[in-house]
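Note that my numbering has the sequence shown beginning at 45, numbered continuously upward. To start, the structure under review is shown below, and the notes come after it.
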Amino acid sequence: MNNEETLRQFYTEVLGLHPEWEAVKVWKDEAKKEVHIKVVSSLKFYQCPVCGKRAVKYDTRERRLRHLDTCDYQTILEVEVPRVKCKEHGVQQLSVSFAEKHSVYTEMFENKAIGMLKTMTTKAVAEQLKLGWDAIDNIKQRAVERGKQRRRKVEVLDAAIDETSFQKGHDYIATVINQKDGTVLDVLPDRDAGTVRSWFKVQEAADFSKINSISMDMSNSFQKAVEDTFSNWKKLICFDRFHVSQLFNKALDKVRRREWAVLDKEDAGNNPLKKKRFGFLKNSGRLDNRSGKRREFLALTRMNLQTCRAWRIKENASVLWNYEYMGAAQRNWKSLLWWIAHCRIPEMIKAGKTIKNHLWGILNAIRMKVNNAIQESTNSSIQRIKKMACGYLNKHRFMTDVLFHFGNLDMAVAPL
Ligand SMILES: [Zn+2]
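As structure tokens, then:
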């Protein structure tokens, strides 16, 4: 066996061509740093790809497919693909067992690129594979399409719906998540009630016939969409802990800022609220315990300031979530709401009213022990990929990326 024959056999084997295809020539282009491999069909008889009946060979067409590099040489398969003539279906090109129809990459190459895109940016993958940004983006878009088509309806018992920002300002997308495993069931282009409602009506990704809970924020739009879709909405909707504490935190921060400005005018040097923003917003259990800072901060919270009273309200609300008995939960939330209503701090009174109107859904969340920890962790991962990509100019791309990374889609290329 001479060298060339060994090389041909080697490539036939490593490319997994056998038995239908074989490498018949291997050469390298030193100037371009490329290895070329000519691949031909080794079939003795042909079948029509449409009906499977015996057919005669008509001619061949060349397909150039980029393959995995050979020692840093870009490797290109030049495949002579037979076309056959069927009495019934005319001239038909045969498919190739190692590449998807119409693709310019082999299956191995494309799957490798998809794997790299899981942890790298499109730009970085493009640089490593020496391809253009658009080519890599195209591989990603096709992967998501493939995954979406293979998606089977999953039965969802607990769902969460939330918004996540697309660009700075007020442009949002909405994600629907399966609470069971954090999978993003789908991405919606905005958070409008109409969009969410139509998604629930026609969506193909999930089966909601046995749904127990849908966790969400207290904005009207998600609630409206669920109200219009499910007759038992009043039992399903859960306003989750994170959004409730966010509401209190925002109100508290407004109080602190207002009071800070007044105190600063009176005596800037002795303003007790100076540089205390994070102390107030943090969960008190997570306050820094070193060098007496925690003690110092807790002493501050005992001062007779509106900020301190608002902080105590927030801290009290944060422990009202782990009840086994709904009677006790209801009683304690109502007494907190009474306290808020009489606290004479306008920002907190406003927040209290919102909570009062949504108490039924908060109690649902406590009863069903629903929280959106999974949703929040997915959301922060979404924001991380956004950062990695240095933001997105195109919303559709952002939505595709969310599904690419968190949709648990089966995106691998499968030829034929
Ligand atoms: Zn045919």
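Where a beta carbon is used, it is the ideal one built from N, C-alpha and C, also for glycine. It should be emphasised that the depicted structure is a prediction, and the values quoted were computed from it without experimental measurement.
Asked, Found
"In the DSSP assignment, find the beta strand (DSSP E) that holds Ala99 and state where it starts and stops.", "98 to 114"
"On the DSSP letters alone, give me the boundaries of the beta strand (DSSP E) that Asn222 sits inside.", "215 to 222"
"Secondary structure at Met260, three-state DSSP: helix, strand or coil?", "strand"
"Under a criterion of Cβ closer than 5 Å to any non-hydrogen atom of ligand 1, which residues qualify, in chain order?", "Cys92, Val94, Cys95, Cys130, Glu132, His133"
"CB Pro459 to CB Ser86, shorter than 8 Å?", "no"
"Tell me Pro126's beta-bridge partners as DSSP assigns them.", "Thr104"
"Does DSSP put Gln247 in a helix, in a strand, or in coil?", "coil"
"So, using beta-carbon positions, are Leu121 and Met152 closer together than 8 Å?", "no"
"Using three-state DSSP, classify Trp365 as helix, strand or coil.", "coil"
"Inspect the beta-carbon positions of Val228 and Gly451 and report whether they are closer than 8 Å.", "yes"
"For Ala218 and Asp234, which I take to be in contact (beta-carbon distance under 8 Å), what is that distance rounded to the nearest angstrom?", "7 Å"
"Mapping DSSP to helix, strand and coil, what is Val306?", "helix"
"Relative to the alpha-carbon of Ala433, which residue among Val169, Lys72, Met260 has its alpha-carbon at the smallest distance?", "Val169"
"Touching or not, the stretch 410 to 420 and the stretch 182 to 189, by the rule of three or more beta carbon pairs under 8 Å?", "no"
"Drop a sphere of 10 angstroms on the beta-carbon of Ala372, count the other beta-carbons inside from all chains shown, and report buried for 16 or more, exposed for fewer.", "exposed"
"For the stretch 307 to 322 against the stretch 418 to 429, are there 3 or more C-beta pairs whose distance is under 8 Å?", "no"
"For a quick check, are the C-beta atoms of His133 and Val188 less than 8 Å apart?", "no"
"Based on Cα-Cα distance, which residue from Tyr369, Glu207, Val135 lies nearest to Phe266?", "Glu207"
"Do Ile384 and Ile485 have their beta-carbon atoms positioned less than 8 Å apart in this structure?", "An answer regarding residue 485 cannot be provided, because it is not within the stretch 45 to 460 covered by the chain."
"Tell me whether Asn264 is buried or exposed, calling it buried when 16 or more other Cβ atoms sit within 10 Å of its Cβ.", "exposed"
"Taking all protein chains shown into account, do 16 or more other C-beta atoms lie within 10 angstroms of the C-beta of Tyr369, making it buried, or fewer, making it exposed?", "exposed"
"Go to Ile429, then tell me how far its alpha helix (DSSP H) extends in each direction, as first and last residue.", "417 to 432"
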